[in-house]
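Heads up: the protein sequence lines correspond to chains G and D, in order.
With the working numbering, the residue at position 68 of the first sequence is 68, and numbering never jumps.
With the working numbering, the residue at position 83 of the second sequence is 83, and numbering never jumps.
Cβ atoms here follow ideal geometry from the backbone N, Cα and C, with glycine treated the same way.
Bear in mind the structure is a predicted one, so any value in this text is a computation, not a measurement.
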Amino acid sequence: MSHDMSHDMSTATAAAATARPAAARAVLKAEARLFRREPGGLFWITVFPTLLLVVLGSIPSFRETNASLGGLRLIDAYVPVSVLLAMIMAGLQAMPPVVTGYRERGILRRMSATPVRPGALLGAQMGLHGAATLVSAALTLLVGRLAFDVPLPRQIFGYVLALALAVLVMLALGALVSALSRTQKIAGAVGSIVVFPMMFSAGVWLPVQAMPDTLARIVELLPLGAAAQALGEATVGDWPSWHQLGVLALWTAVLSAAAARWFRWE
Amino acid sequence: MFSAAVPDDARSMSVIEVSDLRKVYGGRAVVDGVSFSVEEGEIFGILGPNGAGKTTTVECIEGLRIPDAGSVKVAGLDPNTDHDRVTQLLGAQLQESELQAKLTVQEALELYSSFYERPADWRPLALRLGLTEKLGTRFGKLSGGQKQRLFIALALVGGPRVVVLDELTTGLDPRARRDTWQLIEEVRASGVTVLLVTHFMEEAQRLCDRIAVIDQGRIAALDTPAGLISRSASSTVISFTPSRPLDLRELAELPAAASVSADDRDGRVSINGTDETVNAVITLLARHHITAHQLRVSDATLDDAFLDLTGATT
Chain G
1 MSHDMSHDMS TATAAAATAR PAAARAVLKA EARLFRREPG GLFWITVFPT LLLVVLGSIP
61 SFRETNASLG GLRLIDAYVP VSVLLAMIMA GLQAMPPVVT GYRERGILRR MSATPVRPGA
121 LLGAQMGLHG AATLVSAALT LLVGRLAFDV PLPRQIFGYV LALALAVLVM LALGALVSAL
181 SRTQKIAGAV GSIVVFPMMF SAGVWLPVQA MPDTLARIVE LLPLGAAAQA LGEATVGDWP
241 SWHQLGVLAL WTAVLSAAAA RWFRWE
Chain D
1 MFSAAVPDDA RSMSVIEVSD LRKVYGGRAV VDGVSFSVEE GEIFGILGPN GAGKTTTVEC
61 IEGLRIPDAG SVKVAGLDPN TDHDRVTQLL GAQLQESELQ AKLTVQEALE LYSSFYERPA
121 DWRPLALRLG LTEKLGTRFG KLSGGQKQRL FIALALVGGP RVVVLDELTT GLDPRARRDT
181 WQLIEEVRAS GVTVLLVTHF MEEAQRLCDR IAVIDQGRIA ALDTPAGLIS RSASSTVISF
241 TPSRPLDLRE LAELPAAASV SADDRDGRVS INGTDETVNA VITLLARHHI TAHQLRVSDA
301 TLDDAFLDLT GATT
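Have a look at this one:
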């Protein structure tokens, strides 16, 4: 029964034109205000990853050159890891409970009965979480450079491209978690479970560059494993390999399609 | 105060036209051939037991559902294909739809008024709805009654021609309910057509110009409240305490008497019937030299008519 109803909703939503731009901006403004009223979420996305970098960097062994990292220091490898951690926090911990809660409490439905589409709310949420991860990434790079002398990315365009794909893939995964979770509680729980393989593949416990070869090859097939490699390559000045970018793009496409297929407005 | 954009040439036409509406869920027709039209400026009620298909019907009008068969027109427009234009004309107060917990009342009013081409000024609206003191309060901190008033404000903030109010007073205390009724009458007086979904008889009887009684997905009756009451078999209730016991069977045989009952404790007799029954009862009592103490003759309520029409309990 709920499937049929939701089918109606999405068809009805797709049928008409896009919302008026002024209204969509007003939605974004209101959501931005609400976003700032959740200091917990903001902390985990924008502050925590850099804080982790500072804590790790204060351990002397992290600042010594490491043969298994090809002459890099562990702290160098942890800069991309911290950047990816912000995306995990935003996409999997912060966003799914918000979006699922909006559906559960009929907020999306209420908006469906106005000239503005509920998609405007979803777009605003994704945009805000994506923007927060970029702020977080900038902070991490800055602190890494100033406090621990970690060089800034040398292949800046490649880095930005890999960063953008990593943000998209995590937002798509978060949207899929929201789509598949019926309640806010379930979304929170599912997000917290999926966080662990994502953190592992991003290299939170062991940077991908330091993983044994076979493990690294497997992890590279996961979205954040590929992202970690791509960010690492761009940092040292190489264009990220098409293999990593391709894996990221493919995951983004598959996860977005799945989220769109199963997302329900009510 | 509740400004409504009503072009003169649109008066006296139907604002909402529903014909042969059908909606099927899981092989079961939840709405099964419903037709009615709502005229400009009236308060039209949709009354029915829970699960009768009331909400599904109005959701088709609001453009939230696509009918499986039949058609729905709002000011001549299809709510699905013309969603943007219909939502500019139609304000909806939905069941079980909240707002973001940390959004303040003022932010909600400003946000929702930005959605419309010709919004009403939200300040006088907030004043009339008693929300001025609460403008800075977050939605999550409002009481049930305050939330309902905010929802009414949001349904009106777009300056609609018609508002759909679905189970508006459910969960309100009697006083807040009466305040809300007053408000609905004011909304109508300002020229806005009201489609009211309810399962409260008293509310429908007090407010509605016409009522469609929906039962099991079909319209069981469509009439004015008085018309619905008079069309039921027992439009008049006669009750009295007889000076000495009398034979109930004799009463039941009186013309047009639909039902007769006596209270075991005080012997008070109630007869449902029509005006014709009233005269017959008085004649009978006179013949038996029985005095009727505390004789009351009252019109049946919509409640009685509703039970007659649907056979349901409310």
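Same chain only: Cβ atoms within 6 Å of G/L28, ignoring 5 sequence neighbours per side: A124
Spatial neighbours of G/M211 in its chain, beta-carbon cut-off 8 Å, leaving aside the 5 residues before and after: G203 and V219
CB contact below 7 Å: D/T87 versus chain G: yes
Helix, strand or coil at G/A259 according to DSSP, with G and I counted as helix: helix
Chain G contact residues for D/L207, given Cβ-Cβ distances below 9 Å: Ordered by position in chain G, no residue passes the 9 Å Cβ test against D/L207, which lies about 22 Å from the chain.
Three-state secondary structure assigned by DSSP to D/Y25: strand
beta-carbon G/A249 near the ligand PLP non-hydrogen atom, thresh 6 Å: Of ligands this structure carries none, so the ligand PLP is not represented either.
Buried/exposed call for G/V135, threshold 16 Cβ in 10 Å: exposed
Sequence-distant residues of its chain with Cβ nearer than 7 Å to D/K102 (five each side left out): R138 and G140
Inter-residue Cα distance where the pair is G/L72 and D/S143: 59 Å
Residues bridged to D/V218 (per DSSP): It is Arg, not Val, that sits at residue 218 of chain D in the sequence shown. Per DSSP, D/D215.
Span separating the alpha-carbon of D/F306 from that of G/F35: 49 Å
Separation of D/V74 from G/D8, as counted between CA atoms: A caution first: G/D8 carries a pLDDT of 48, below 50, which makes its placement in the model unreliable, though a value can still be read off. Cα to Cα, the separation comes out at about 18 Å.
Assigned secondary structure, D/F115 (DSSP; H/G/I helix, E/B strand, else coil): coil
Span separating the alpha-carbon of G/L245 from that of G/P115: 38 Å
Coarse secondary structure for G/D76, derived from DSSP in three states: helix
Contacts around D/F200, its chain only, beta-carbon distance under 7 Å, and the 5 residues preceding and following it disregarded: T169
Minimum Cβ-Cβ distance from G/S181 to chain D less than 7 Å: no
Contact with chain G by D/K102, beta-carbon distance below 7 Å: yes
Residues of its chain near D/F151, where Cβ-Cβ distance is below 7 Å and the 5 sequence neighbours each way are ignored: Q93
Distance between D/L129 and D/L90 (C-alpha atoms, nearest Å): 19 Å
Residue from G/G188, G/L161, G/R109 and G/Q155 with nearest C-alpha to G/R264: G/R109
Sub-7 Å separation of G/W251 and G/G158 beta-carbons: no
Chain-ordered chain D contacts of G/S112 [CB-CB under 7 Å]: L64
Spatial neighbours of D/T132 in its chain, beta-carbon cut-off 7 Å, leaving aside the 5 residues before and after: A126
G/T46, enclosing beta strand (DSSP E) - first and last residue: No beta strand (DSSP E) contains G/T46, which DSSP labels as neither H nor E.
Neighbourhood of G/M198 by C-beta, 7 Å cutoff - its chain only, sequence neighbours within 5 removed: I88, L92 and L224
Short-range partners of chain D found in the region 104-128 of chain G, where Cβ spacing is below 7 Å: R105, G106, I107, R109, R110, S112, A113, T114, P115 and V116
Straight-line Cα distance separating D/R161 from D/E40: 8 Å
Within chain D, the residues that G/L34 reaches when beta carbons sit closer than 8 Å: Q100, K102 and L103
G/R37: contacting residues in chain D (beta-carbon distance under 7 Å): K102
Sub-7 Å separation of D/I184 and D/I46 beta-carbons: no
From D/S37, D/R296, D/V30 and D/D84, residue whose alpha carbon lies closest to that of D/E17: D/S37
Against chain G: residues of the region 49-74 of chain D by CB proximity under 7 Å: E62, G63, L64, R65 and I66
Touch test, the region 142-153 of chain G against the region 48-58 of chain G, Cβ-Cβ under 8 Å, three pairs minimum: yes
Check whether D/A220 and D/T310 have beta carbons under 7 Å apart: yes
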